[in-house]
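Residue numbers (the working numbering), protein chains in the order written: chain A, 158 to 477; chain B, 158 to 477; chain C, 158 to 477; chain D, 158 to 477. Okay, structure first, notes after.
Protein chains: 4
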Amino acid sequence: MRRIAVLTSGGDAPGMNAAIRAVVRKAIFHGCEVFGVRRGFAGLIEGDGELFTLGSVADIIQTGGTILLTARSEEFLSPEGRAEAFASVRRAGIEGLVVIGGDGSFKGALTFHAETGVPVVCIPATIDNDIPGTDYAIGFDTAVNNVVDAVNKIRDTATSHERTFVVEVMGRHSGFIALYAGLAGGAESILIPEAPFDIEAVCRKLLRGVRRGKLHSIIVVAEGAGSAAEVAREVKARTGFDTKLTILGHIQRGGTPTAFDRLLASVMGARAVELLLAGERCVAVGVSGGQLRHYNLAEVLAERKEIDRELYQLAEILAI
Amino acid sequence: MRRIAVLTSGGDAPGMNAAIRAVVRKAIFHGCEVFGVRRGFAGLIEGDGELFTLGSVADIIQTGGTILLTARSEEFLSPEGRAEAFASVRRAGIEGLVVIGGDGSFKGALTFHAETGVPVVCIPATIDNDIPGTDYAIGFDTAVNNVVDAVNKIRDTATSHERTFVVEVMGRHSGFIALYAGLAGGAESILIPEAPFDIEAVCRKLLRGVRRGKLHSIIVVAEGAGSAAEVAREVKARTGFDTKLTILGHIQRGGTPTAFDRLLASVMGARAVELLLAGERCVAVGVSGGQLRHYNLAEVLAERKEIDRELYQLAEILAI
Amino acid sequence: MRRIAVLTSGGDAPGMNAAIRAVVRKAIFHGCEVFGVRRGFAGLIEGDGELFTLGSVADIIQTGGTILLTARSEEFLSPEGRAEAFASVRRAGIEGLVVIGGDGSFKGALTFHAETGVPVVCIPATIDNDIPGTDYAIGFDTAVNNVVDAVNKIRDTATSHERTFVVEVMGRHSGFIALYAGLAGGAESILIPEAPFDIEAVCRKLLRGVRRGKLHSIIVVAEGAGSAAEVAREVKARTGFDTKLTILGHIQRGGTPTAFDRLLASVMGARAVELLLAGERCVAVGVSGGQLRHYNLAEVLAERKEIDRELYQLAEILAI
Amino acid sequence: MRRIAVLTSGGDAPGMNAAIRAVVRKAIFHGCEVFGVRRGFAGLIEGDGELFTLGSVADIIQTGGTILLTARSEEFLSPEGRAEAFASVRRAGIEGLVVIGGDGSFKGALTFHAETGVPVVCIPATIDNDIPGTDYAIGFDTAVNNVVDAVNKIRDTATSHERTFVVEVMGRHSGFIALYAGLAGGAESILIPEAPFDIEAVCRKLLRGVRRGKLHSIIVVAEGAGSAAEVAREVKARTGFDTKLTILGHIQRGGTPTAFDRLLASVMGARAVELLLAGERCVAVGVSGGQLRHYNLAEVLAERKEIDRELYQLAEILAI
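Put into structure tokens, the structure is as follows:
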């Protein structure tokens, strides 16, 4: 394989740049050229991008976002769009493709491979951490730390005013951010899409805490668990507590990546190149059982990633 | 003066604890006792609090919020409430009062002094920085840095997706946070209550930036300048840009105070004690002209604090 | 088991408080009392400590250091000292012991159990991450992020002055911090005790980078790899580059723990209690293969933890 | 004036990039061209640099260091060197010069102007804050916050081990960083070059604190106040306390600038351009009395900046 391409697709995640850097440097180390594609699959269709050098990825390991830019491409969803992308790939002499993104990007890569035979290796990168086949996706650790940092700030003001705060975090289909950040942030309650909750039980727990002398309470709610605004209203109505709502929004997504995400991105990026060079044709990289592994892309996408129930129960116990 | 009291009132601000520490230690240094009142004027009415020692304020200079807690007191707004507070103050042998808070707290202190003759010294602490008589209130610098940090994070994702972000920050009546954080964060536009804005001009500027190659734009909107959601909708409608809204909310208020706020709080807290000991009866501490000063409380409250127009124009020029 | 004790021993590590919190709350949840021992084994001898309540560990999950304090105890190294500790343990009605610390603490716990039969469960907590039986010790992730943050700061000044920086990090016997932080920080070279290095090769790499246009270089050196000062002198002598030395020291050890360390500490603390209640008598908790496990304490201590060679080689490749 | 040049010189300081950005954008706003000189006066001699556009300074307001690079130039110290620089300046059509740096850079600019008549405006930027004519130099606020952050980290480990820490900070001739960061960090003692200290008194204070129940002590020492290592040895010898030394080094200098430094740099950079355009020929910008001002360069350099004695005494009182 003499020339590969790399692109980032879907929502950006901190650590994508560290992954790009690893792909570029590892490939060049093995004598392979790397074409950096701009704006994801849209750029693949248009042939938008350039050949990267070792220096193209200097001083980016510490930066959030993605230097390759990212976009959602309507066109790539159609067979015609993908055919154009294939034509563009052939013109550019690209023999393999590294796709860094979430599960929508994985699906695009799978279809593209199935239709064109272009070898693809996918790297999981999404703050939601909802991709099967890997315990951790790039960006998740940073997002969790961003949320924990915000919860720390909110706790100061919550304590001073003896208030209850309802904090909405990202996670439309999964409660990973809510669970990890809620546990690490010492939240009194954590509401996630994977577990139905009883607002009455949530309130009982708050009342018990206050009786024990707690000066504040924090309830972390994943987007997909229900309306955080509704939770705040209900808590206020049932407990009478001064209850405030905060929606963390896009600050969760940004910032310099943590060491964990930089390392994960570095090893995954390097492994993706090795897999392409070793002749793999349609796989995803992942971490499971503490090991870097790879999986058949179609099989991975057929699974659904489950949240750790024991961790959820532990959060309940520790927030007594 | 053998015993003074200190309380925090209104919204909490990072650095309040550093001010409390300074009041307590400086007073004890001069042989004076300090009664720490809990929950602001409400606690003053109830006599809720305790005598503080040097150790009571150990290891709090770095913490956000206020160890004295804060609350709004309906009761203190009535003459009967204030009479109760006075009775409570006399019972506790308190001969002077340090009030740390915003302009609502200043007004309460002024009325209390006028009715009871109890000497009061006020220390400005509010992230909004809208108190006349001082260039800087305690908490403002930390809040601005919190917003700048959030803008940095949002910029990563804004660039990656080539998006426009509308960021709503605190400031119902004044644009200090928006102006300072917008300028320091390199925002493309800053909308504040003190200056009417023309959404068409805002959009023209965005379009000009994009023509020049800008990959993202950030518009910082103070709460009081108008609806940030409306701004986002209008920008999207008029420019066609992918535009997102983020409301920073309570994370602006919290966190460990900056060095600037800790120092400001320390010198203001110490000065407040000196003023009480020197026989001042109704003043506020402030920084102006680079100097620590004090003002007649009634006179300060009659003024209105203006934003720096030159700084606002500079922000426009630098964000070209 | 109706009453257990918990102590922290050896060097402090961020996340120890989160582990203490988990031990206390999980034990109380199961109807068990927890005696918090102050100053490690020294406090065990003296019976120094107190019974903890749910509230004793409120608001500590986010704090660095250890509320139980830590110390090295000469006395506990002798059979007489341990006999005294045993007497003290019996007096206090303690039926099981959770020891949070590094491998010195593990050895102490093992000997104590062997001589007295008191059930012990050890939790690995050391920023050096050099304890066998676990992939990650509590505190390591925070320390690595602290170092990466420092490297980011140093990079700014290194670039501006086109300098080479030699950064000494902790790790007398192992290069975990150096390797992880060096890789995540994008260091040009990483020198660790586990791999002999050739200063000439290090210099050649620096010269190659500069020829390619690099404006700065950073060399991360673990304490145990040799003298960082000597490395700085040699680099300067052989390359002629303006070379500076920075010894990071104790800032590596402190600070609020990362989300990762808080979670690790929480699950390990909870598991330690479960193991004691389940009748385990002499084990250590660990994470390996992505799973929380436990090991016979004697067997764990007989092993030596190896660094990941592939990761080391990858760092070389990515820093081309 | 149709073309001006801007350079950074001496040690780098966070916020230099924000100043460069302000100079470039403000000048272009007024229809003036800006030549960005690389590597300070050395680059001026060689004509090393390029014409900057609005886009040249995009996304740098948040970065530490200086994109213009900085260096010390032996050559510029000689009349021949300066004559060469003048020839180069004329060739490039440069009609005015903005110099961003510390007092060594100011002296170079003064001599250059005296010999050649080229108008110069200096902007104070040095973390040491030892430039007369301004209360604050660019970079100082960031450096103080960096030190305060390090002290916070050290405090965690100091408390856990009940240790005394001696922390050496920058400041060969002045104690600004030590005083501000020591006060804001709650240090027990602060040793600065401007005030002789009595090690016996320092130790007495430590002993008093421990008797009162303090679990740790932190002594901040400015480089110029004497050997921090010697202080640590003496404290250990006289008190018997477990005493550790930490030298913060270059981490003080780096990192993303605070909001304060970005604002200061922005207003100073803009004002420098205004002054050149208004016909000023040899001045420095400064902040004093809370106002942005400018001073005759020769007069400023004749003064010596004094530390605030009252602040120093306050630090003593608050650290009781």
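Yeah, the Cβ is synthetic: ideal placement off N, Cα and C, and Gly gets one too.
ask   = For the beta strand (DSSP E) that contains C:P281, what are its first and last residues?
value = Position 124 of the third sequence, counted from the start, is the residue given in the question as residue 281 of chain C. 277–281 is the extent of the beta strand (DSSP E) around C:P281.
query = In this structure, what does DSSP give as the bridge partners for C:K401?
reply = Here residue 401 of chain C refers to the residue found at position 244 when the third sequence is read from its first residue. In the DSSP secondary-structure assignment, C:K401 is bridged to C:F322.
task = For the stretch 262–285 of chain C, enumerate the residues whose C-beta is nearer than 8 Å to any C-beta of chain A, in chain order.
result = Correct list: empty, as no residue qualifies.
query = Which two residues bound the contiguous alpha helix (DSSP H) that contains A:E467?
reply = Within the first sequence, residue 467 of chain A is the residue found at index 310, counting from 1. Start and end: 466–475.
task = Would you tell me roughly how many angstroms separate the C-alpha atoms of A:D260 and A:T165, rounded to the nearest one?
result = Position 103 of the first sequence holds residue 260 of chain A. Position 8 of the first sequence holds residue 165 of chain A. Distance between the alpha carbons of A:D260 and A:T165: 12 Å.
B:D280 to B:S423 span [Cα, whole Å] = For the purposes of this step, residue 280 of chain B is identified with residue 123 of the second sequence, where counting begins at 1. For the purposes of this step, residue 423 of chain B is identified with residue 266 of the second sequence, where counting begins at 1. For the record, residue 280 of chain B in the displayed sequence is Ile; it is not Asp. In this structure, the alpha-carbon of B:I280 lies about 11 Å from that of B:S423.
task = Output the boundary residues of the beta strand (DSSP E) element that contains D:E190.
result = Taking the first residue of the fourth sequence as position 1, residue 190 of chain D is located at position 33. Counting along the chain, the beta strand (DSSP E) containing D:E190 begins and ends at 190–194.
ask   = According to DSSP, is A:T223 helix, strand or coil?
value = The sequence position of residue 223 of chain A within the first sequence is 66, counting from 1. In this structure, A:T223 counts as coil in the three-state DSSP scheme.
inquiry  = Closer than 8 Å is the cut-off here; do at least three beta carbon pairs connect the stretch 412–419 of chain C with the stretch 291–309 of chain C?
reply    = In this structure the stretch 412–419 of chain C lies against the stretch 291–309 of chain C, because at least three pairs of beta carbons, one per stretch, are closer than 8 Å.
task = Measure the alpha-carbon distance for C:L468 versus A:L254 and round it to whole angstroms.
result = Counting from 1 along the third sequence, the entry for residue 468 of chain C is found at position 311. Counting from 1 along the first sequence, the entry for residue 254 of chain A is found at position 97. Their backbone Cα atoms lie some 24 Å apart in a straight line.
key: C-beta neighbour in chain A for C:L208, strict 8 Å   = Here residue 208 of chain C corresponds to residue number 51 of the third sequence, with the count starting at 1. No, its Cβ sits nowhere closer than 8 Å to a Cβ of chain A.
request  = Could you pull the start and end residues of the alpha helix (DSSP H) that D:E431 belongs to?
outcome  = By 1-based counting over the fourth sequence, the position of residue 431 of chain D is 274. Start and end: 416–434.
message = Tell me which residues of the stretch 399–416 of chain A have at least one Cβ-Cβ distance to chain B shorter than 7 Å, keeping chain order.
response = Within the stretch 399–416 of chain A, the residues whose Cβ lies closer than 7 Å to any Cβ of chain B are, in chain order, K401, T403, I404, G406, H407, I408, R410, G411, G412.
inquiry  = If I measure Cβ to Cβ from C:A199 and keep anything under 6 Å in the same chain, skipping five residues before and after, which residues do I get?
reply    = As a working note, residue 199 of chain C is residue 42 in the third sequence. A228, S230.
inquiry  = I'd like to know whether the C-beta atoms of C:A344 and C:V308 end up nearer to each other than 8 Å.
reply    = One-based indexing of the third sequence puts residue 344 of chain C at position 187. One-based indexing of the third sequence puts residue 308 of chain C at position 151. Yes, Cβ-Cβ distance for C:A344 and C:V308 is below 8 Å.
request  = Kindly list, in the order they appear in chain A, the residues whose Cβ is closer than 9 Å to that of C:A341.
outcome  = For the purposes of this step, residue 341 of chain C is identified with residue 184 of the third sequence, where counting begins at 1. Contact of C:A341 with chain A by beta-carbon distance below 9 Å involves A175, I218, Q219, P414, T415, A416, F417, D418, R419, L420, S423.
query = Can you tell me the Cα-Cα spacing of D:L234 and C:V305, whole angstroms?
reply = Taking the fourth sequence and counting its residues from 1, one reaches residue 234 of chain D at position 77. Taking the third sequence and counting its residues from 1, one reaches residue 305 of chain C at position 148. Rounded to whole angstroms, the gap between the alpha carbons of D:L234 and C:V305 is 38 Å.
Chain-ordered neighbours of D:L226 on chain C, where CB pairs are closer than 9 Å = As a position in the fourth sequence, residue 226 of chain D is number 69, starting the count at 1. Ordered by position in chain C, the residues that pass the 9 Å Cβ test against D:L226 are T316, S317, H318, E319, L372.
key: Nearest-angstrom beta carbon gap, C:A282 and C:I379 [assumed within contact, 8 Å]   = Here residue 379 of chain C refers to the residue found at position 222 of the third sequence. Here residue 282 of chain C refers to the residue found at position 125 of the third sequence. Note on identity: in this sequence residue 379 of chain C is Ala, with Ile being the wrong assignment. 20 Å between Cβ atoms; not a contact.
query = Are the beta-carbon atoms of B:K462 and B:D313 separated by less than 8 Å?
reply = The sequence position of residue 462 of chain B within the second sequence is 305, counting from 1. The sequence position of residue 313 of chain B within the second sequence is 156, counting from 1. No. Outside cutoff.
ask   = Which residue's Cα is closest to the Cα of A:T396: A:M425, A:E357, A:A382?
value = Walking along the first sequence from the start, residue 396 of chain A turns up at place 239. Checked all of A:M425, A:E357, A:A382; the closest Cα to A:T396 is A:E357.
message = Just to make sure I have the definition right: I need the residues of chain B whose C-beta is within less than 7 Å of the C-beta of A:G222. Which are they?
response = Counted from its first residue, the first sequence places residue 222 of chain A at position 65. Simply D313, T314, T316, S317.
inquiry  = Bridge partners for C:R160 per DSSP, in chain order?
reply    = Taking the first residue of the third sequence as position 1, residue 160 of chain C is located at position 3. DSSP output for C:R160 lists C:E190 as bridge partner(s).
query = In angstroms, rounded to a whole number, what distance separates the CA positions of B:G238 and B:V275?
reply = Indexing the second sequence from 1 puts residue 238 of chain B at position 81. Indexing the second sequence from 1 puts residue 275 of chain B at position 118. Rounded to whole angstroms, the gap between the alpha carbons of B:G238 and B:V275 is 15 Å.
key: Spatial distance of A:L475 from A:G250 (CA atoms)   = On the first sequence, residue 475 of chain A is found 318 positions in, with the first residue counted as 1. On the first sequence, residue 250 of chain A is found 93 positions in, with the first residue counted as 1. C-alpha separation (whole angstroms): 56 Å.
D:V442 beta carbon less than 8 Å from that of D:L449 = Mapped onto the fourth sequence, residue 449 of chain D falls at position 292. Mapped onto the fourth sequence, residue 442 of chain D falls at position 285. Yes, they are a contact pair.
ask   = Does the separation of the CB atoms of A:V246 and A:L201 fall below 8 Å?
value = The count along the first sequence starts at 1 and reaches residue 246 of chain A at position 89. The count along the first sequence starts at 1 and reaches residue 201 of chain A at position 44. The criterion of a C-beta distance shorter than 8 Å is satisfied by A:V246 and A:L201.
Cβ distance (whole Å) where B:L402 is taken to contact B:V323 below 8 Å = Looking up residue 402 of chain B in the second sequence gives position 245. Looking up residue 323 of chain B in the second sequence gives position 166. Right, their Cβ atoms sit about 5 Å apart.
message = Below 8 Å on the Cβ atoms is my contact criterion, and I expect D:A429 with D:V180 to pass it. Report the Cβ-Cβ distance as a whole number of Å.
response = For this step, residue 429 of chain D is matched to residue 272 along the fourth sequence. For this step, residue 180 of chain D is matched to residue 23 along the fourth sequence. Between D:A429 and D:V180, the beta carbon gap of about 6 Å places them in contact (Cβ cut-off 8 Å).
task = Pick out whichever of A:A176, A:F354, A:P289 has its Cα sitting closest to the Cα of A:F417.
result = Along the first sequence, one-based indexing puts residue 417 of chain A at 260. Checking every option, the nearest Cα to that of A:F417 belongs to A:A176.
query = To which residues does DSSP link B:F209 through a beta bridge?
reply = What you label residue 209 of chain B is simply residue 52 of the second sequence in a count that begins at 1. Its beta-bridge partners are B:V191.
ask   = In three-state DSSP terms, what is D:G238?
value = In the fourth sequence, residue 238 of chain D corresponds to position 81, counting from 1. If DSSP states are grouped into helix, strand and coil, D:G238 belongs with the helices.
ask   = Would you call B:E456 buried or exposed, if buried means 16 or more other Cβ atoms sit within 10 Å of its Cβ?
value = The count along the second sequence starts at 1 and reaches residue 456 of chain B at position 299. Burial call: exposed.
query = Quick one: what does DSSP say A:G443 is sitting in, helix, strand or coil?
reply = Sequence index remark: in the first sequence, residue 443 of chain A carries index 286 (1-based). DSSP places A:G443 in the strand class (E or B) of the three-state scheme.
key: DSSP state of A:Y452 mapped onto helix, strand, coil   = As a working note, residue 452 of chain A is residue 295 in the first sequence. DSSP, read as helix, strand or coil, puts A:Y452 in strand.
request  = Taking only runs that begin and end inside the stretch 322–355 of chain C, name each unbroken beta strand (DSSP E) of 3 or more residues, in chain order.
outcome  = Within the stretch 322–355 of chain C, the beta strand (DSSP E) runs of at least 3 residues that lie entirely inside it are, in chain order, 346–348.
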